[in-house]
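One structure is given below, encoded as structure tokens.
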Amino acid sequence: MNNEKMVKALNDQVNKELFSAYFYLAMQSYFSLLNLDGFSNFFRVQVQEERDHALGFFNYINKIGGKLTFAEIQKPRSEFSGPQEVFELTLAHEQTVTQSIYSLMDIAREVRDHTTEIFVQWFITEQAEEEENVSRVLNKLKLIKGDGAGLFMIDNELAQRVYVPAVIPG
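In my numbering, the protein residues as written are 572 to 741.
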């Protein structure tokens with residue numbers, strides 16, 4: 572089903588996903604400059620995942636016969652006070668993205684686009700995982716209260732994160 576309102580909302584989500592990749596690229600750069608390679612790796616993986624999400628929406632728009640429209644990508648913030656602030660901003664951003672995905676589901680239901688409901692469900696599950704991953708790191712950062720040894724341990728843990736290409740249905 573190719574509903575104009577649905578296609579517009581899907582296009583808006585492509586832009587949001589590309590902004591997310593851009594936002595996380597700024598964070599990756601920030602941590603690289605601090606020589607916190609594990610934190611940088613965490614955000615490198617985030618960049619790749621957000622790019623996958625944008626492409627997933629792009630492919631789905633094409634599949635349903637919609638037209639991709641392009642909008643400017645907002646400039647992300649690139650200065651931060653420390654790792655905890657970065658993860659607080661990341662969690663807030665992921666929560667905003669989650670609300671946007673919920674809105675897609677609401678629109679799909681409103682226009683009775685069951686195929687898009689199925690497609691969007693994958694992203695709802697993905698967002699729950701994203702928020703959980705970020706919350707775990709943020710909670711650890713709060714626990715260590717800026718302690719260098721604790722930060723080093725978290726950095727080593729985040730260095731182990733590996734990018735696994737998403738298999739997005741649709």
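Where is the CB? At the ideal position from N, CA and C, for every residue including glycine.
What's the gap between the Cα of residue i and the Cα of residue j?
{"i": "Ala681", "j": "Leu675", "result": "Per the sequence presented here, residue 681 reads as Glu, with Ala not at that position. So the alpha carbons of these two residues sit roughly 10 Å apart."}
{"i": "Pro740", "j": "Phe690", "result": "6 Å"}
{"i": "Thr640", "j": "Asn633", "result": "11 Å"}
{"i": "Gly609", "j": "Gln584", "result": "29 Å"}
{"i": "Asp623", "j": "Val733", "result": "15 Å"}
{"i": "Val708", "j": "Leu581", "result": "30 Å"}
{"i": "Ser649", "j": "Glu656", "result": "12 Å"}
{"i": "Val738", "j": "Ile695", "result": "14 Å"}
{"i": "Tyr631", "j": "Asn573", "result": "11 Å"}
{"i": "Ala597", "j": "Pro647", "result": "7 Å"}
{"i": "Phe629", "j": "Gln599", "result": "25 Å"}
{"i": "Glu575", "j": "Asp677", "result": "15 Å"}
When DSSP labels each residue in this structure, what does residue i get in the three-state scheme?
{"i": "Gln584", "result": "helix"}
{"i": "Phe614", "result": "helix"}
{"i": "Gly717", "result": "coil"}
{"i": "Gly637", "result": "coil"}
{"i": "Leu662", "result": "helix"}
{"i": "Val733", "result": "coil"}
{"i": "Asp623", "result": "helix"}
{"i": "Glu656", "result": "helix"}
{"i": "Asn574", "result": "coil"}
With burial defined as no fewer than 16 other Cβ atoms inside 10 Å of the residue's Cβ, what is the status of residue i: buried or exposed?
{"i": "Val578", "result": "buried"}
{"i": "Lys587", "result": "buried"}
{"i": "Pro654", "result": "buried"}
{"i": "Leu712", "result": "buried"}
{"i": "Thr661", "result": "buried"}
{"i": "Asp684", "result": "buried"}
{"i": "Ala663", "result": "exposed"}
State yes or no: is the C-beta of residue i within less than 8 Å of the C-beta of residue j?
{"i": "Thr687", "j": "Ala679", "result": "yes"}
{"i": "Phe658", "j": "Tyr601", "result": "no"}
{"i": "Gln619", "j": "Glu665", "result": "no"}
{"i": "Phe613", "j": "Leu729", "result": "yes"}
{"i": "Leu589", "j": "Ile644", "result": "yes"}
Query raised in the report: Between the segment 717–727 and the segment 690–706, do at least 3 Cβ pairs fall closer than 8 Å?
Result: Judged by Cβ distances under 8 Å, the segment 717–727 makes no contact with the segment 690–706, as fewer than three pairs qualify.
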